[in-house]
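Trainee: The sequence shown begins at 13 in my numbering and counts up by one.
Built from N, CA and C at the ideal position, the CB exists for glycine as well.
So that we are looking at the same thing, I have put the structure below in structure tokens.
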Amino acid sequence: MKSTGDRVEKVGCSAKRKRLARVWGGLGPRGGGVGANGRQTIAEFLYNGWRGGALLGSTVDEALFVRCDRSTMTQNDLDNGRLVCLIGVAIIKPAEFVIFRISQYSAGAAQVEG
13 MKSTGDRVEK VGCSAKRKRL ARVWGGLGPR GGGVGANGRQ TIAEFLYNGW
63 RGGALLGSTV DEALFVRCDR STMTQNDLDN GRLVCLIGVA IIKPAEFVIF
113 RISQYSAGAA QVEG
């Protein structure tokens with residue numbers, strides 16, 4: 013059995029962080045389906061981590077979730093080119109998530125949280 017430290021290291025290793033940064037940075041300009049595209053891209057990245065043993069859970073729903081839609085973005089976010097995602101990963105116990113909220117701003121977008 014892998015220890016929690018092994019899983020955290022596996023998820024947080026430098027190469028994977030760099031790959032996720034490329035994935036996140038490569039989502040492209042804001043357009044109609046960028047939220048869905050962003051959600052799918054991040055979910056696929058995390059799914060591969062789950063399949064490799066980096067996340068806990070016997071099902072993908074117990075291991076991770078990614079939300080990048082109207083539940084995470086306001087109309088103001090959309091109007092100003094902001095992509096906001098809520099990401100949960102199970103690294104300690106299945107279905108007990110460590111949750112991250114990450115945002116990407118397009119050039120010229122106001123970076124005011126509120």
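Run through the DSSP bridge pairs and tell me what Ser70 is partnered with.
Mentor: Sequence index remark: in the sequence shown, residue 70 carries index 58 (1-based). Ser70 pairs with nothing; no bridge assigned.
Trainee: CB Cys97 to CB Arg79, shorter than 8 angstroms?
Mentor: Residue numbering aside, residue 97 sits at position 85 when the sequence shown is read from its first letter. Residue numbering aside, residue 79 sits at position 67 when the sequence shown is read from its first letter. The answer is yes: Cβ separation under 8 angstroms.
Trainee: Going by the beta-carbon positions, is the gap between Ser115 and Arg94 smaller than 8 angstroms?
Mentor: The residue labelled residue 115 in the question sits at position 103 within the sequence shown. The residue labelled residue 94 in the question sits at position 82 within the sequence shown. Yes, the pair counts as a contact, with Cβ atoms nearer than the cut-off.
Trainee: Going by DSSP in three states, Arg82 sits in which element: helix, strand or coil?
Mentor: On the sequence shown, position 70 is the one that residue 82 refers to. DSSP places Arg82 in coil when its eight states are reduced to three.
Trainee: Please report the residue range of the beta strand (DSSP E) in which Ser115 lies.
Mentor: Position 103 of the sequence shown, counted from the start, is the residue given in the question as residue 115. Looking at the DSSP string, the run of the beta strand (DSSP E) that includes Ser115 is 108 to 117.
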